[in-house]
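A.B. asks: FYI, the UniProt record's numbering numbers position 41 of the sequence shown as 41, with every residue one higher than the one before it.
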Amino acid sequence: MAGLETQAGTYVKEFVHGDFGRTRPSLADLLEVEHGEVDILDLDVDNVDMEWPPPAGSLG
Numbered sequence: 001m002a003g004l005e006t007q008a009g010t011y012v013k014e015f016v017h018g019d020f021g022r023t024r025p026s027l028a029d030l031l032e033v034e035h036g037e038v039d040i041l042d043l044d045v046d047n048v049d050m051e052w053p054p055p056a057g058s059l060g
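(1) Starting from A28, trace the alpha helix (DSSP H) both ways and give me its first and last residue.
(2) At the level of alpha carbons, what is the spacing between L43 and L27?
(3) Near G3, which residues of its chain fall below 7 Å by C-beta distance, leaving aside the five closest residues on each side in sequence?
(4) Report yes if the C-beta distance between G18 and D29 is below 8 Å; otherwise report no.
(5) Measuring CA to CA, which of V45, R24, M50, L41 is closest to E14?
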């Protein structure tokens with residue numbers, strides 16, 4: 001199991017398996033494994049750090 005703290009728009013799946021070597025660094029690189037030897041079995045979002053609803057008068 002691994003935990004990540006990311007920003008909106010992060011390509012988590014590509015970070016894990018490396019997207020055929022197109023995404024670096026990747027978890028596969030860090031573990032020094034070949035393509036297909038690491039993948040996501042389950043993905044949960046534990047928390048979204050965002051003020052909602054936005055304060056009145058703000059642009060977001």
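Virtual Cβ for every residue (Gly too), placed ideally from N, Cα, C.
C.D. replies: Judging by the given coordinates:
(1) Looking at the DSSP string, the run of the alpha helix (DSSP H) that includes A28 is 27-31.
(2) 15 Å
(3) none
(4) yes
(5) R24
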